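Residue numbers (numbering that gives the first Met the number 0): 0 to 213. Note that the Cβ used here is the ideal one computed from N, Cα and C, for glycine as well. Quantities reported herein were computed from a predicted structural model and do not represent experimental measurements. Here is the structure we will look at, set down as structure tokens.
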Amino acid sequence: MDYLTIALPKGRLLEPAVEMLNQAGVFTSDVSDDTRRLVFDDPDRRSRVILVKATDVPTYVQYGSADLGICGKDVIDESRKDVCELLDLKMGRCRFVVAVPASSHVTDVSGLGFNSRVATKYPYVARNYFASLGVQVEIVTLNGSLELAPAVGLADAIVDITETGRTLRDNGLKVIADMWTSTARLIANRVSYRARRSDITEAVQRLSEVMAGQ
Ligand code: PRP
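Below is the structure:
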């Protein structure tokens with residue numbers, strides 16, 4: 000039988016994700032994003048971890064290059080990939096927020112209008128959010144360093160995730176709306192979920208036990 004392949008995101012979610020897989024005995028080898036290595040095997044468990052950019056995890060899983068993946072709900076919502084969401088891992092908790100410069104007179108989302116520009120890495124999520132409130136704004140898609148956009152006049156507001164709040168604080172931004180909370184999820188490829196049901200069900204079971212014990 001092939002290895003059970005798990006796509007993990009490089010970055011801040013990697014360490015807790017590996018720790019959880021280790022504790023569950025789903026993948027028991029070390030993984031590090033300090034090296035250029037992208038594939039890590041655990042021959043005893045017949046499982047394999049591949050390291051990918053966080054936003055690419057759902058893509059690897061949808062196309063079946065990975066049977067399972069771990070990534071934030073924010074990434075899943077924005078990617079709109081066709082994957083099965085199996086488990087809320089209750090880690091990597093962060094909030095989706097709308098923020099403006101601390102000096103801005105705008106105190107809530109209704110203060111933004113059709114001539115307001117909102118910078119974000121999450122255009123789909125942001126567009127839906129503003130549409131649901133009936134607020135017309137122009138969405139400007141960026142790939143990072145969003146906090147800079149209001150400071151240089153590119154945008155009036157940003158939609159981003161925040162964990163500690165430090166990035167917002169350090170860049171003189173204030174939150175005007177808390178959209179929702181995102182946590183890490185275990186996702187599966189739809190075909191793998193049928194073809195490798197017992198392996199995947201066992202992994203879900205073991206991960207659930209780890210969470211219950213925490
Ligand atoms: C996110 C987000 C902020 C930062 C907020 O970026 O876009 O930049 O984290 O975190 P804080 O509230 O703890 O300061 P992330 O590190 O996920 O990725 P990126 O900056 O590489 O896009």
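### Query
Excluding five sequence neighbours on each side, which residues of the same chain lie with their C-beta closer than 6 Å to the C-beta of Arg47?
Tyr2, Thr4, Asp40
### Task
Quickly, what does DSSP pair Asp169 with across the bridge? List them, please.
Paired residue(s): none; Asp169 is not in a bridge.
### Task
Along the alpha helix (DSSP H) that carries Phe129, what are the first and last residues, could you check?
It spans 122-132 - the alpha helix (DSSP H) in which Phe129 sits, taken as one unbroken run.
### Task
Rounded to whole angstroms, what's the CA-CA distance from Leu12 to Gly91? Just pull it up for me.
Between the C-alpha atoms of Leu12 and Gly91 there is a straight-line separation of about 6 Å.
### Query
Any idea what DSSP makes of Pro42, helix, strand or coil?
coil
### Message
Given this structure, state the Cα-to-Cα distance separating Ala118 from Glu162, to the nearest angstrom.
### Response
18 Å
### Query
In three-state DSSP terms, what is Met178?
strand
### Query
Could you give the distance in angstroms between the alpha-carbon of Gln61 and the alpha-carbon of Leu88?
19 Å
### Task
Note down the Cα distance separating Glu14 from Leu141, rounded to an integer number of angstroms.
Rounded to whole angstroms, Glu14 and Leu141 show a C-alpha spacing of 26 Å.
#### Entry: Unbroken alpha helix (DSSP H) run spanning Thr106, endpoints
It is not in any alpha helix (DSSP H) - Thr106 carries neither H nor E in the DSSP assignment.
### Spatial distance of Gln204 from Lys9 (CA atoms)
25 Å
### Task
State whether the stretch 172-180 contacts the stretch 63-70, with contact taken as three or more CB pairs (one from each stretch) at a distance under 8 Å.
no
### Query
Near Lys52, what residues of its chain come up, given a Cβ to Cβ distance below 8 Å and the 5 sequence neighbours on each side ignored?
Pro8, Lys9
#### Entry: Sheet register partners of Leu3 (DSSP bridge)
In DSSP, Leu3 forms a bridge with Ser46.
### Query
Over what stretch of residues does the alpha helix (DSSP H) that includes Asp198 continue unbroken?
Annotation for Asp198: the continuous alpha helix (DSSP H) segment containing it runs 196-212.
### Message
Please list the terminal residues of the continuous beta strand (DSSP E) segment that includes Val25.
### Response
Where Val25 is concerned, there is no enclosing beta strand (DSSP E), given that its DSSP letter is neither H nor E.
#### Entry: First and last residue of the uninterrupted alpha helix (DSSP H) at Glu137
That residue, Glu137, is in no alpha helix (DSSP H); its beta strand (DSSP E) goes 137-140.
### Message
According to DSSP, Pro100 sits in a beta bridge with which residue or residues?
### Response
Leu172
### Query
Who are Glu84's beta bridge partners in DSSP?
Ile186
### Message
Assuming Thr34 is part of the beta strand (DSSP E), what are its boundary residues?
### Response
Thr34 -> no beta strand (DSSP E), and no H or E assigned at all.
### Query
Start and end of the alpha helix (DSSP H) containing Thr119?
From DSSP, Thr119 is part of no alpha helix (DSSP H) but of the beta strand (DSSP E) over 116-119.
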